[in-house]
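Please read the structure below before turning to the comments.
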Amino acid sequence: MSKSSLSLAIAIAATGLVATSASAAVSVIGNTSARACYESALEERSGPGDIRVCTDAIEDRMITGRDRVASYVNRGILYVRNGDYARAIADYDRAIELDGTEPEAYLNKGLALLHQRRATADVVTLLTTAIEHGTREPALAYYGRGVAHELNGDIPAAYYDIRRATDLDPEWDLPARDLSRFRVVGGQGG
Numbered sequence: 005m006s007k008s009s010l011s012l013a014i015a016i017a018a019t020g021l022v023a024t025s026a027s028a029a030v031s032v033i034g035n036t037s038a039r040a041c042y043e044s045a046l047e048e049r050s051g052p053g054d055i056r057v058c059t060d061a062i063e064d065r066m067i068t069g070r071d072r073v074a075s076y077v078n079r080g081i082l083y084v085r086n087g088d089y090a091r092a093i094a095d096y097d098r099a100i101e102l103d104g105t106e107p108e109a110y111l112n113k114g115l116a117l118l119h120q121r122r123a124t125a126d127v128v129t130l131l132t133t134a135i136e137h138g139t140r141e142p143a144l145a146y147y148g149r150g151v152a153h154e155l156n157g158d159i160p161a162a163y164y165d166i167r168r169a170t171d172l173d174p175e176w177d178l179p180a181r182d183l184s185r186f187r188v189v190g191g192q193g194g
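FYI, this note's numbering numbers position 89 of the sequence shown as 93, with every residue one higher than the one before it.
Below, the structure written as structure tokens:
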């Protein structure tokens with residue numbers, strides 16, 4: 005595969021990752037502004053009013069710490085949908101600062117950086133952390149990590165992770181399509 009077609013394939017893959025990031029929204033229970041923020045992220049709404057609802061949730065002194073963390077992650081998703089990566093990453097960082105075990109904060113930050121094709125070594129670390137902390141979207145995390153490995157030139161690791169994403173979610177066609185770009189050669193030494 006030529007470098008230009010590889011770059012195009014990676015760009016398409018990164019775009020597909022961001023489009024699916026609403027799947028990594030953090031759920032909130034109850035009838036609060038935090039719940040409305042979650043629903044905006046889940047339903048792919050990202051207008052100024054939706055972002056304001058998330059901000060209201062974050063500033064609400066009565067919500068739980070978990071809901072505040074969720075609202076930072078969910079508002080970050082809305083910012084990504086609007087192309088405001090700096091604010092999204094700041095929200096993910098704040099969520100991680102408040103709860104270093106929230107896997108969706110790591111997942112979404114990794115995907116935002118990947119979409120920008122920045123800090124791909126950091127993307128691998130972030131997505132690994134999301135996997136280790138039990139993200140609700142492991143196929144997305146493995147796929148994103150595979151794309152990051154590919155950008156870093158680690159083709160065997162890229163293949164493994166994209167293959168793992170396909171195994172975890174056989175109905176998701178993006179990883180399966182990307183696997184067709186790889187050619188396995190050689191065999192086990194012996």
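All C-beta atoms, glycine included, are put in the ideal place defined by N, C-alpha and C.
Looking at residue i: is its Cβ nearer than 8 angstroms to the Cβ of residue j?
i    : j    : result
A116 : A92  : yes
N86  : C41  : no
Q120 : Y83  : no
D173 : A143 : yes
A99  : V73  : yes
Identify, in the order they occur along the chain, each residue of the same chain with its Cβ nearer than 8 angstroms to the Cβ of residue i, setting aside the five sequence neighbours on each side.
i    : result
G148 : L21, L111, G114, L115, L118, V127 and L131
I67  : T36, S37, A38, A61 and S75
T139 : A28, P107, E108, Y110, L111 and A145
L102 : G69, R72, V73 and Y76
Within its chain, find whatever has a CB closer than 6 angstroms to the CB of residue i; leave out the 5 residues flanking it on each side and keep chain order.
i    : result
G150 : A162, D165 and I166
P179 : Y147, I166, A169 and T170
G80  : A92, D95, Y96 and N112
D71  : V32 and A38
Mapping DSSP to helix, strand and coil, what is residue i?
i    : result
I67  : coil
G190 : coil
A28  : helix
G150 : helix
S37  : helix
E141 : coil
S75  : helix
C58  : helix
A125 : helix
E43  : helix
Output the boundary residues of the alpha helix (DSSP H) element that contains residue i.
i    : result
R91  : Y89 to L102
G114 : P107 to H119
P179 : D177 to L183
R167 : I159 to L172
With a threshold of 8 angstroms, are at least 3 pairs of Cβ atoms found where one atom belongs to the region 96-114 and the other to the region 127-135? yes
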